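Peer 1: Below you will find the structure I want to go over with you.
2 protein chains.
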Amino acid sequence: MNVDALPLLSVPACCQPLDGPSLTDAEAEGTASVFKALSDPTRVKIVNMLARSSEPVCVCELTPALRLAQPTVSHHLKKLVDAGLLLREQRGVWAFYRLDRDAVGRAAGILDLEGAIA
Amino acid sequence: MNVDALPLLSVPACCQPLDGPSLTDAEAEGTASVFKALSDPTRVKIVNMLARSSEPVCVCELTPALRLAQPTVSHHLKKLVDAGLLLREQRGVWAFYRLDRDAVGRAAGILDLEGAIA
DNA sequence: CTCATTCATTGACAAACGTCGATCTATGTG
DNA sequence: CACATAGATCGACGTTTGTCAATGAATGAG
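Protein chains in written order, with this note's numbering: chain A, 1 to 118; chain B, 1001 to 1118.
As structure tokens, this is what we get:
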């Protein structure tokens, strides 16, 4: 579009062109993927339970507490691990999960929200 | 199922019954809704732009920066406002948005992640 | 080996989501 | 009044999501 050929605007311009995106597509997608992992009530409960526990927690303890079918819990745990929020550890037949306590802070940092949190 | 009638387990129990949900359904859903608002790359960019600006930003400035159709930008802004993350202000024909800088901190607090952030 | 247990994976289904074109409302100009 | 502009709302579309039953893989007991 040729700006010079435009008729004079009947409404004055409200703001300057200002700065660019200030965040690459990759950064935005990476940050969104972490928050997407926390965007489900069940996964919020999981993260909260793990945040309250100083030791890794067994899946056999999470499943009854969440009152969901076992494949559903496994599905949510995988999403949290893929997002980098949880760490998995196998002990014999059992699988234990614990929180990676730096991950959320990293996402909030990219958002430029450090000052707004805590 | 009658527990007393079960045969002895061939695998020992891994953990105690332990604590309950420790987070109500309403708290989990409320927290998840805030993170859901941040679970899209476009909305991450919007929040980042607003976080970098000390003054409210006009929609007419957001739309070209995001390279998306105007109804799409309006849709994302509504989701962020509904989540309590953004505040809307009408100035004549234009709509300005700014960040509610306490909202994310509140969500992270419910998660019990204060210590892990910042 | 056989069997039981824990957990992950697959497949299917309904619900929710992101995107955009078309339309509507509200504000300001003349 | 008529007209132009900014932005919200509506409908439709393809994609993604949460859930579960069924199945598969891995570990341990006997």
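For each residue, glycine too, the CB sits at the ideal point set by N, CA and C.
Predicted model, so just to flag it, every value in this text is computed and none were measured.
My output table needs one value for residue 62 of chain A: the three-state DSSP class, helix, strand or coil.
Peer 2: If DSSP states are grouped into helix, strand and coil, residue 62 of chain A belongs with the helices.
Peer 1: Determine whether the beta carbon atoms of residue 99 of chain A and residue 77 of chain A lie at a separation below 8 Å.
Peer 2: No. Outside cutoff.
Peer 1: Compare the C-beta of residue 1054 of chain B against all C-beta atoms of chain A and say whether one is closer than 8 Å.
Peer 2: Chain A contact via Cβ: absent.
Peer 1: At a Cβ threshold of 8 Å, is residue 81 of chain A touching chain B?
Peer 2: It does not: the Cβ of residue 81 of chain A has no partner Cβ on chain B nearer than 8 Å.
Peer 1: Under 8 Å, Cβ to Cβ, is there at least one residue of chain B near residue 31 of chain A?
Peer 2: Yes, residue 31 of chain A counts as interfacial toward chain B.
Peer 1: Is the Cβ of residue 47 of chain A closer than 8 Å to any Cβ of chain B?
Peer 2: With 8 Å as the cut-off, residue 47 of chain A counts as an interface residue toward chain B.
Peer 1: Can you give the Cα-Cα distance for residue 1058 of chain B and residue 1096 of chain B, rounded to whole angstroms?
Peer 2: Residue 1058 of chain B and residue 1096 of chain B: Cα-Cα distance of roughly 4 Å.
Peer 1: Return the chain-ordered list of same chain residues with a C-beta closer than 8 Å to the C-beta of residue 61 of chain A, the five sequence neighbours on each side being excluded.
Peer 2: Cβ within range, chain order: n/a, list empty.
Peer 1: When the Cα of residue 53 of chain A is compared with those of B/1014, B/1108, B/1109 and B/1022, which residue comes out closest?
Peer 2: Checking every option, the nearest Cα to that of residue 53 of chain A belongs to B/1022.
Peer 1: Residue 1025 of chain B and residue 56 of chain A - do their beta-carbons sit closer together than 8 Å?
Peer 2: No, these two residues do not count as a Cβ contact at 8 Å.
Peer 1: Comparing alpha-carbon positions, which option in B/1036, B/1047 and B/1106 lies nearest residue 1087 of chain B?
Peer 2: Residue B/1047 is the option with its Cα nearest to residue 1087 of chain B.
Peer 1: Name, in chain order, the residues that DSSP records as bridge partners for residue 88 of chain A.
Peer 2: According to DSSP, residue 88 of chain A bridges with A/97.
Peer 1: For a contact meaning CB atoms closer than 9 Å, what does residue 78 of chain A contact in chain B?
Peer 2: Under the 9 Å cutoff, chain B gives no residues; its nearest Cβ is about 17 Å from residue 78 of chain A.
Peer 1: Going straight from the alpha carbon of residue 80 of chain A to that of residue 1092 of chain B, what length do you get?
Peer 2: Rounded to whole angstroms, residue 80 of chain A to residue 1092 of chain B spans 44 Å at the Cα level.
Peer 1: Apply the 10 Å Cβ neighbour rule to residue 31 of chain A and answer buried if 16 or more other Cβ atoms are within range, or exposed otherwise.
Peer 2: Result: buried.
Peer 1: Using CA atoms only, rank isn't needed, just tell me which of A/109, A/51, A/45 and A/90 is closest to residue 68 of chain A.
Peer 2: With distances taken between Cα atoms, residue 68 of chain A lies closest to A/45.
Peer 1: Might you give, ordered along the chain, the residues of its own chain that have their beta carbon closer than 6 Å to the beta carbon of residue 1006 of chain B, omitting 5 neighbours on each side?
Peer 2: Interpretation of residue 1006 of chain B is limited by its pLDDT of 36, a score under 50 that renders its predicted location unreliable; the figure taken from the coordinates is listed afterwards. Nothing meets the Cβ criterion.
Peer 1: Judging by CA-CA distance, which residue of B/1101, B/1063, B/1064 and B/1015 is the nearest neighbour of residue 1083 of chain B?
Peer 2: The option with the nearest alpha carbon to residue 1083 of chain B is B/1101.
Peer 1: Taking 8 Å as the threshold (beta carbon to beta carbon), is residue 1022 of chain B in contact with chain A?
Peer 2: Yes, because at least one Cβ of chain A sits closer than 8 Å to the Cβ of residue 1022 of chain B.
Peer 1: Does residue 69 of chain A come within less than 8 Å of chain B when only Cβ atoms are used?
Peer 2: So, not an interface residue.
Peer 1: Note down, in chain order, each residue of its chain lying with its Cβ closer than 6 Å to the Cβ of residue 1010 of chain B, except the 5 sequence neighbours on either side.
Peer 2: Confidence is the limiting factor: at residue 1010 of chain B the pLDDT is only 48, short of 50, which leaves the residue's position unreliable, though a coordinate-based value still follows. Hits under 6 Å: none found.
Peer 1: On the DSSP letters alone, give me the boundaries of the alpha helix (DSSP H) that residue 987 of chain B sits inside.
Peer 2: The structure shown does not extend to residue 987 of chain B, since chain B is modelled only from 1001 to 1118, so the question has no answer here.
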